[in-house]
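Heads up: the structure comes next, in C-alpha cells.
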Amino acid sequence: ICFISLIFVHLSFINTKAHPGNTDSLGCHTQVSTGYYHCHNEPDDISTSNETGNLTGEYDNWTPNNYSTNLNNSSSDLIGNIICSGFLLLISIGIISSIYSWLKDQTRTTESKKPIRTHKPIVIQNKPQKAEMSREKKKYLNAMCVLRKDIQTHFKMRHDYYALSDKTIEELWNKKPQNTKELLLISGLGNKKVSEFGNKILLILGVDQEPEISKLTKSHKLQELILNEIKGSTKSLKAREIKVAINKKYNTNYKRKDINRVLYSKLKDKVKIDSKYRWRLKIHKKRAK
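The sequence shown: position 18 = 373 (the numbering used here), numbered continuously.
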C-alpha cells in the first residue's frame with residue numbers, strides 16, 4: 356500500500372513538472388507531499404505561470420532526486436495522512452470481512468461433518484455407608500464377650516468360640532428371647548448353658564430374671580429341644596436320630612429312653628412316626644410300667 360501511494364505522489368509530481376501544488380492569487384500554495392499551506396516571503400521568487408502551467412523561480416531547479424529526499428523526510432506524515440483518510444482502514448476491513456466469510460463457510464462444512472453428541476447427565480453415585488452400630492448393641496456385644504469368657508472358664512473349654520459363637524450372639528440380638536423356653540430354641544444354647552447362664556443372658560437382653568429357671572423339668576427342656584430339631588427336618592425321625600442330633604448340636608447327654616418317653620407321651624400327635632417305631636414305643640411303655 357505504501358509503495359502504491361509513493362507511485363501516486365511521484366506521478367503527480369511529474370504532471371506538475373515544478374514545485375508540487377498550484378499557487379493562488381496571493382502566491383501561496385499547498386504542498387502535496389506534506390499537505391501544508393504556505394506562502395513565500397519573496398514575491399520576486401514567484402512569477403506568473405506560462406502557457407504550459409510551469410512555474411518559474413527558485414523551484415525551477417527541482418529534480419526528482421531532490422524531491423525523493425524531501426519525500427523520505429515526510430514519508431511518515433504521508434502514511435499518517437493516508438491512514439487518516441481511511442484508505443488503509445477500508446482495505447483492512449475488506450480483507451478481514453473476506454477472511455471472516457471464508458472461515459464462516461469452512462465452519463459450516465465442518466459442523467455438518469461432526470457427529471451429534473448426546474449429553475447425558477452425570478450422576479454421582481455415593482457408596483452406601485455402613486450403618487452405624489447403635490449404643491445399645493455395642494453395650495450388648497461387650498457384655499456378651501464377658502459372658503463368653505465366663506462360660507469358657509466354667510466349662511473348661513479350649514476356645515471361647517465354643518462357649519458362644521458369633522452366630523448365636525447375633526441370633527440372640529435379632530430374636531431377643533423373653534424366657535428360658537425361647538432360649539432353648541436358639542442354636543448353640545443347650546440345657547447346661549441355659550440352666551447355668553440363662554439368667555445372665557436374659558439380663559443382658561433386658562429381660563427380668565426368671566426365678567423358676569432351676570425348677571424346669573428335664574422332660575420339658577427335652578421337649579423344646581426335640582421340637583426345635585423336628586422343625587428343621589422334612590422326614591419322620593427316629594429316637595436314635597434325634598438323640599444323636601440333640602446331643603451333638605446342643606452339647607447335651609440325653610438317653611434314648613428319655614427321648615422315647617417324650618416322643619410318645621407329648622409329641623405323638625405332632626411327629627410322623629412309622630408303624631414299626633410306634634410298635635417299639637408301645638413295647639417300651641409296657642416294660643417301663
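All C-beta atoms in this analysis are idealised placements derived from N, C-alpha and C, irrespective of residue type, glycine included.
Mapping DSSP to helix, strand and coil, what is G545?
Residue 545 sits at position 190 when you count from the first residue of the sequence shown. It is coil, neither helix nor strand.
Between L519 and K610, what straight-line distance do the alpha-carbon atoms span, to the nearest angstrom?
Here the question's residue 519 lines up with position 164 in the sequence shown. Here the question's residue 610 lines up with position 255 in the sequence shown. One C-alpha to the other measures close to 25 Å.
Is I534 helix, strand or coil when you go by DSSP?
The count along the sequence shown starts at 1 and reaches residue 534 at position 179. Ile is not the amino acid found at residue 534; the sequence shown has Asn there. Coil, per DSSP.
Contact check, L560 vs K531 under 8 Å by CB: the rounded distance?
To locate residue 560, count along the sequence shown from 1; it is residue 205. To locate residue 531, count along the sequence shown from 1; it is residue 176. Indeed they touch by this definition, with Cβ atoms about 6 Å apart.
Considering only the beta carbon of each residue, do I541 and L557 sit closer than 8 Å?
Within the sequence shown, the letter at position 186 stands for residue 541. Within the sequence shown, the letter at position 202 stands for residue 557. Their beta carbons are not under 8 Å apart, which means I541 does not touch L557 by this criterion.
Can you name the start and end residues of the alpha helix (DSSP H) that K493 belongs to?
Counting from 1 along the sequence shown, the entry for residue 493 is found at position 138. Per DSSP, K493 belongs to the alpha helix (DSSP H) from R490 to F510.
Under the rule that 16 or more other beta-carbon atoms within 10 Å means buried, what is I401, buried or exposed?
Residue mapping note: residue 401 aligns to position 46 of the sequence shown, counting from 1. Its pLDDT being 40, under 50, I401 is placed unreliably in this model, and the coordinates cannot settle the point.
Which value, in whole angstroms, describes the spacing of the CA atoms of F552 and L538?
One-based indexing of the sequence shown puts residue 552 at position 197. One-based indexing of the sequence shown puts residue 538 at position 183. Cα-Cα distance, rounded: 11 Å.
In three-state DSSP terms, what is K610?
Taking the sequence shown and counting its residues from 1, one reaches residue 610 at position 255. Three-state result, K610: coil.
Only counting the same chain, and skipping five residues up and downstream in sequence, which positions put a Cβ closer than 7 Å to that of I506?
Taking the first residue of the sequence shown as position 1, residue 506 is located at position 151. So the list reads A518, L519, K548 and F552, once near-sequence residues are dropped.
Using 8 Å as the threshold, is the C-beta distance between L502 and K555 below it?
Translated into positions along the sequence shown, residue 502 becomes position 147. Translated into positions along the sequence shown, residue 555 becomes position 200. Yes; because the gap between Cβ atoms is below 8 Å, this pair is in contact.
Drop a sphere of 10 angstroms on the beta-carbon of N529, count the other beta-carbons inside from all chains shown, and report buried for 16 or more, exposed for fewer.
Translated into positions along the sequence shown, residue 529 becomes position 174. With fewer than 16 Cβ atoms within 10 Å of its Cβ, N529 is classed as exposed.
What three-state label does DSSP hand L540 in the structure shown?
One-based indexing of the sequence shown puts residue 540 at position 185. Three-state result, L540: coil.
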